[in-house]
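For the record, in the sequence shown the residue sitting at position 83 is 83 according to full-length UniProt numbering, with numbers rising by one throughout. Notes follow the structure.
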Amino acid sequence: MSDENIHALRDEVERTREELADTVDELAAKFDVKSRVKESASGFKDSARESVTDPDGKPRPEVLSLAGGITALFLAYLVLKSLRRGR
């Protein structure tokens, strides 16, 4: 073999090693379930926060109204439940 062929083969081996290392890194990232779940949860949390607050970070009025309505329904349920037990 000539020096050029040896050099070309070494270059090819080096490129193949780099490609293999990239592939292994990609596979490792796919199988790192804990990190993927954390990343997904973080994105969900940010999305949820953005949907209930205005750009200033204050709760949107319709969200407060909904929360108040749910609280009122829950309290009414508790009152009715306690009144029925009293009978």
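Built from N, CA and C at the ideal position, the CB exists for glycine as well. The structure displayed is predicted, hence computed values, not measured ones.
Just confirm the distance between the C-beta atoms of residue i and residue j, as a whole number of angstroms; I'd bet it's less than 8 Å.
i	j	result
residue 53	residue 60	6 Å
Can you find the residues in the same chain that come closer than 7 Å, C-beta to C-beta, to residue i, ignoring five residues on each side of it along the sequence?
i	result
residue 73	none
Tell me which residues share the same chain as residue i and place their Cβ nearer than 8 Å to its Cβ, disregarding the 5 neighbours each side in the sequence.
i	result
residue 35	29
Going by C-alpha to C-alpha distance, which of the options sits closest to residue i?
i	options	result
residue 63	31, 18, 49	49
From the beta carbon of residue i, is the nearest beta carbon of chain C less than 8 Å away?
i	result
residue 74	Looking for chain C here will not work: only one protein chain is present.
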